Amino acid sequence: MDLKLTGKRALVCGGSSGLGRAVATALAAEGAHVALLSRNVEALQAVADELNAAGTGRAVVVTADLADHEALLRAVDAAEDLLGGHTEILLNNTGGPPPSGVSNLEPAVWRDHFESMVLSIFRLTDRVLPRMRAAGWGRVLNVASITVVEPSAALGVSNTLRASVAAWAKTLANEVGPDGVTVNTLLPGRIDTPRIDRLDRATAERTGMTPEQARAESVKSIPVGRLGTPEEFGATAAFLASPLAAYVTGSLIRLDGGAVKTI
Numbered sequence: 127m128d129l130k131l132t133g134k135r136a137l138v139c140g141g142s143s144g145l146g147r148a149v150a151t152a153l154a155a156e157g158a159h160v161a162l163l164s165r166n167v168e169a170l171q172a173v174a175d176e177l178n179a180a181g182t183g184r185a186v187v188v189t190a191d192l193a194d195h196e197a198l199l200r201a202v203d204a205a206e207d208l209l210g211g212h213t214e215i216l217l218n219n220t221g222g223p224p225p226s227g228v229s230n231l232e233p234a235v236w237r238d239h240f241e242s243m244v245l246s247i248f249r250l251t252d253r254v255l256p257r258m259r260a261a262g263w264g265r266v267l268n269v270a271s272i273t274v275v276e277p278s279a280a281l282g283v284s285n286t287l288r289a290s291v292a293a294w295a296k297t298l299a300n301e302v303g304p305d306g307v308t309v310n311t312l313l314p315g316r317i318d319t320p321r322i323d324r325l326d327r328a329t330a331e332r333t334g335m336t337p338e339q340a341r342a343e344s345v346k347s348i349p350v351g352r353l354g355t356p357e358e359f360g361a362t363a364a365f366l367a368s369p370l371a372a373y374v375t376g377s378l379i380r381l382d383g384g385a386v387k388t389i
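Whatever position you read off the sequence shown (first residue = 1), add 126 for this note's numbering.
Here it is as structure tokens:
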């Protein structure tokens, strides 16, 4: 299926690895031109070289720390200069905090994670929205987690902040829908990424299991009996970013192998 993404310009946060890399790869395979953003220029360049060697879409590199909002906005300017036009597809994708509860946390913990996981998304989206709306076309995709609908006791800060992004995205979708801009939030479950590796190691340390045992236990709760692949996640995101998904907006898209128990 042709997703009609040839020549579309995308900015992908967290493009050096994991889910961000998977989305960038899927978009570039469909002919989109992709700006990869993260802090690690060497890792970004390796991904860009791989995508450019494939000979479909084009990939460029920009760097910024999501917690440094002014640097983030400068990175958008750089990306648009390199790609030769305004951002048409934005993937908001931030790192997740370490496992924790929510009681007795220092205010600075909340503040720091809010700056990098939530406020950065708001500011980045506000930067690219005016030109999307003026053009009558745009896609905003946010990477959250299934903990938005089924909170995890071990991920208290993530539960809280990801849910705030989902609520903001639903509100925003209603505001910009008349202008041809869609806003959707992807809720990955256990996708085989470095983030899941880290969480499995944390579970192993907490419970006395090996990381392999911790992963095997988690898989038991997934009806399809396995972890998801980054490629499956990237394919879903690419569809939502495409003109074919113009009637999908304000939605929470679960990619969890059926793990969430609610309807």
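Each residue gets a CB set at the ideal place from its N, CA and C atoms; glycine is no exception.
Note that this is a predicted model, so its numbers are computed, not measured.
My assumption, with CB atoms under 8 Å, is that P314 sits in contact with V244. Please give the rounded CB distance. Your numbering for residue 314 matches position 188 in the sequence shown. Your numbering for residue 244 matches position 118 in the sequence shown. About 18 Å separates the beta carbon of P314 from that of V244, a gap too long to meet the 8 Å contact definition.
Reducing DSSP to helix, strand and coil, say where A136 ends up. The count along the sequence shown starts at 1 and reaches residue 136 at position 10. Three-state result, A136: strand.
Under the three-state reduction of DSSP, which class applies to A372: helix, strand or coil? Mapped onto the sequence shown, residue 372 falls at position 246. Look at A372 here: in three-state DSSP terms it is coil, with no helix or strand label.
Excluding five sequence neighbours on each side, which residues of the same chain lie with their C-beta closer than 7 Å to the C-beta of S167? The count along the sequence shown starts at 1 and reaches residue 167 at position 41. Going by the sequence as given, residue 167 is Val instead of Ser. Cβ neighbours of V167 beyond the five flanking positions: V187 and T189.
Report the rounded CA-to-CA distance for D175 versus A328, giving the unit in angstroms. Counted from its first residue, the sequence shown places residue 175 at position 49. Counted from its first residue, the sequence shown places residue 328 at position 202. Taking the straight line joining both Cα atoms gives about 33 Å.
At the level of alpha carbons, what is the spacing between S229 and S278? Position 103 of the sequence shown, counting from 1, holds the residue named residue 229. Position 152 of the sequence shown, counting from 1, holds the residue named residue 278. S229 and S278 have their C-alpha atoms roughly 14 Å apart.
Please look up how many angstroms separate the CB atoms of A136 and I215, rounded, as I've assumed it's under 8 Å. Along the sequence shown, read from residue 1 onward, the residue named residue 136 stands at position 10. Along the sequence shown, read from residue 1 onward, the residue named residue 215 stands at position 89. Indeed they touch by this definition, with Cβ atoms about 4 Å apart.
How about the stretch 258-267 and the stretch 297-307: do they share at least three Cβ pairs that are nearer than 8 Å? Cβ pair count under 8 Å is three or more, so yes.
Can you give, in chain order, each stretch of the alpha helix (DSSP H) that sits fully within the stretch 130-200 and has at least 4 residues? Correct list: 144-155 and 167-180.
Roughly how many angstroms separate the alpha carbons of A330 and V309, rounded to a whole number? Along the sequence shown, one-based indexing puts residue 330 at 204. Along the sequence shown, one-based indexing puts residue 309 at 183. One C-alpha to the other measures close to 36 Å.
Can you find the residues in the same chain that come closer than 6 Å, C-beta to C-beta, to H159, ignoring five residues on each side of it along the sequence? As a working mapping, residue 159 is identified with position 33 in the sequence shown. Excluding residues within five positions, the ones whose Cβ falls inside 6 Å are R135, G183, R184 and L209.
Who are L281's beta bridge partners in DSSP? The residue labelled residue 281 in the question sits at position 155 within the sequence shown. S226, per the DSSP bridge assignment.
Going by beta carbon distance, what residues of the same chain come within less than 8 Å of H212, once the five residues before and after it are set aside? Numbered from its first residue, the sequence shown carries residue 212 at position 86. Closer than 8 Å at Cβ, skipping near neighbours: R135, E206, V254, R257, M258 and A261.
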